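Q:
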Amino acid sequence: MHRAISAFALLTGFSCTCLAQSETITISYDAPSLDRWNYPFNGSPGTRLSASTFGAVELEGFDDHDAQFIVGFETDADVMTGLTLNQYQVLSARVIITNTNGDVFTYDPTYDTHDTYLFLDDSLDSDEGRPVHMWAMGYQEGYDQTNWGEYSAFGGVAEVDPTQGSRYAFAAYFPFDGSEPVNISNNLKEEFDATPMAIGQTDAVMPGEFVPADSDFSFDVDLCQAGIRDYLAQGLSLGEVRFAITSLHAANGGDGGGTGDIAYPFWYTKENPIASIFGYAPRLELTVRVGSAGDFNSDGEFNFFDVSAFLTAFNAGDMSADLNGDCALNFFDVSAFLTAYTAG
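Residue 35 in the working numbering sits at position 28 of the sequence shown, with consecutive numbering throughout.
(1) DSSP three-state label for N331, please.
(2) With a threshold of 8 Å, are at least 3 pairs of Cβ atoms found where one atom belongs to the region 49–64 and the other to the region 177–194?
(3) Can you tell me which of the three DSSP states T33 falls into?
(4) Would you kindly work out how many angstroms separate the C-alpha atoms of I281 and S222, rounded to a whole number?
(5) With distances taken Cα to Cα, identify the nearest neighbour of F285 among E166, I191, D333, T107.
(6) Report the three-state DSSP secondary structure of V164 (helix, strand or coil).
(7) So what's G79 in DSSP terms, helix, strand or just coil?
(8) I think I206 touches P116, with their Cβ atoms under 8 Å apart; what is that distance to the nearest whole Å?
(9) Are the CB atoms of E216 and T113 nearer to each other than 8 Å?
(10) Hey, could you find the ends of the beta strand (DSSP E) D122 is sitting in?
(11) Just to confirm, are Q232 and M204 a CB contact at a threshold of 8 Å?
(12) CB-CB under 6 Å to R43, same chain, minus the five flanking residues each way: which ones, in chain order?
(13) For the alpha helix (DSSP H) holding F317, just list the boundary residues, first then last.
(14) Grab me the residues of L63's own chain with a C-beta within less than 7 Å of its C-beta, minus the 5 sequence neighbours each way, in chain order.
(15) On a CA-only basis, which of L291, R290, P289, F317 is nearest S299? Give me that one, please.
(16) Is P39 buried or exposed, if buried means 16 or more other CB atoms sit within 10 Å of its CB?
(17) What are the boundary residues of the alpha helix (DSSP H) that F226 is part of?
(18) How would you label S133, buried or exposed, when you count the other beta carbons within 10 angstroms and need 16 or more for buried?
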């Protein structure tokens, strides 16, 4: 279920000899095409009514980000597929998920560095609670977005028994533009910090307070992060954008593991009938310019109005004029616009 709204209708007339044009599209999806609790002992992948996120903190043999929630949204009905990555300029992206359980975990809207998880009593954490992260996705052992899905096998041979390092699809980040996705599933054991593309935000409570059931968590994608624009563009080119949601709320409940009360979130999936009734399934809001940046106002023509629209946005500090994706407005954006405009 979705709604797609073109910002400008494509026109057939051109004022110059042109091979390309652009369209600015705003899309809202009220349910994913794919959602999966990506956990090694999940006997019903793709069909569960909820998906929890938690960490196996200090437990050898299990990934730190043990229970991950994968969501994907098919976009091919609304956004042309198969284009080169520079033909997709994502202007904004937001994912929204809703928790099923209430008053069991506290809200933390900020990133916690890996060293704050060294002790299970959270004594090294300067604020209450643990954040919920959203990441890109990576794959291994011959899998990729085209052949790993909702009902695929979880993983193969573990690096450490029973399941550590075995998952075929994993939450990932990009340390620099052009890098391969780096698996963050064991960033505590491997002692490195990774920047998620977004951290969940809610207005249901203040930081440090217990989160009630049916609270929306919004993830506004940081498009300035290395690799993220290309990651989203790759997904659009394939016809589906995917995200991995994790949190490091400890699930072991103590040194013995497997004990204690549940203190981590569960999230509605599209299969949950309550989600269908109240709109609690994972959602996506996306705005993307598709096609040549030279047709800046997306009216299907290359003319003075594109130059004027670009300069107006550039001078106003509007980041839609950040055509080279470096999150700064400078000469390189002007050069990128002129190159695209001249090429037609």
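No residue lacks a Cβ here, since even glycine has one placed at the ideal position from N, Cα and C. Keep in mind it's a predicted model, so treat the numbers as computed, not measured.
A: For this structure:
(1) Against the sequence shown, residue 331 aligns to sequence position 324. Taken through DSSP and simplified to helix, strand or coil, N331 comes out as coil.
(2) Counting Cβ pairs under 8 Å, fewer than three are found: no touch.
(3) Residue mapping note: residue 33 aligns to position 26 of the sequence shown, counting from 1. Correct three-state label for T33: strand.
(4) Residue mapping note: residue 281 aligns to position 274 of the sequence shown, counting from 1. Residue mapping note: residue 222 aligns to position 215 of the sequence shown, counting from 1. In this structure, the alpha-carbon of I281 lies about 14 Å from that of S222.
(5) Within the sequence shown, residue 285 is the residue found at index 278, counting from 1. Across the set E166, I191, D333, T107, the C-alpha of T107 shows the shortest separation from the C-alpha of F285.
(6) What you label residue 164 is simply residue 157 of the sequence shown in a count that begins at 1. In the structure shown, the three-state DSSP call for V164 is coil.
(7) Numbered from its first residue, the sequence shown carries residue 79 at position 72. Of the three classes helix, strand and coil, the one that applies to G79 here is strand, per DSSP.
(8) The sequence position of residue 206 within the sequence shown is 199, counting from 1. The sequence position of residue 116 within the sequence shown is 109, counting from 1. The Cβ separation is near 6 Å, so the contact holds.
(9) Residue mapping note: residue 216 aligns to position 209 of the sequence shown, counting from 1. Residue mapping note: residue 113 aligns to position 106 of the sequence shown, counting from 1. When the beta-carbon positions are compared, E216 and T113 come within less than 8 Å of each other.
(10) Translated into positions along the sequence shown, residue 122 becomes position 115. Counting along the chain, D122 falls outside any beta strand (DSSP E), and DSSP gives it neither H nor E.
(11) As a working note, residue 232 is residue 225 in the sequence shown. As a working note, residue 204 is residue 197 in the sequence shown. It is a contact, given that the beta carbons lie within the stated cut-off.
(12) Residue numbering aside, residue 43 sits at position 36 when the sequence shown is read from its first letter. Here the set comprises P52, G53, I77, E157.
(13) In the sequence shown, the residue the question calls residue 317 occupies position 310. Element bounds for F317: 311–322.
(14) Numbered from 1 along the sequence shown, position 56 holds the residue referred to as residue 63. The question names Leu, but residue 63 in the sequence shown is Ala. The answer, listed in chain order, is F69, D70, D71, D73, A258, N259.
(15) Here the question's residue 299 lines up with position 292 in the sequence shown. Answer by Cα proximity: F317.
(16) As a working mapping, residue 39 is identified with position 32 in the sequence shown. P39 should be labelled buried.
(17) What you label residue 226 is simply residue 219 of the sequence shown in a count that begins at 1. Where F226 is concerned, there is no enclosing alpha helix (DSSP H), although the beta strand (DSSP E) it sits in stretches over 223–227.
(18) Along the sequence shown, read from residue 1 onward, the residue named residue 133 stands at position 126. A residue is called buried when at least 16 other Cβ atoms come within 10 angstroms of its Cβ; S133 does not meet this threshold and is exposed.
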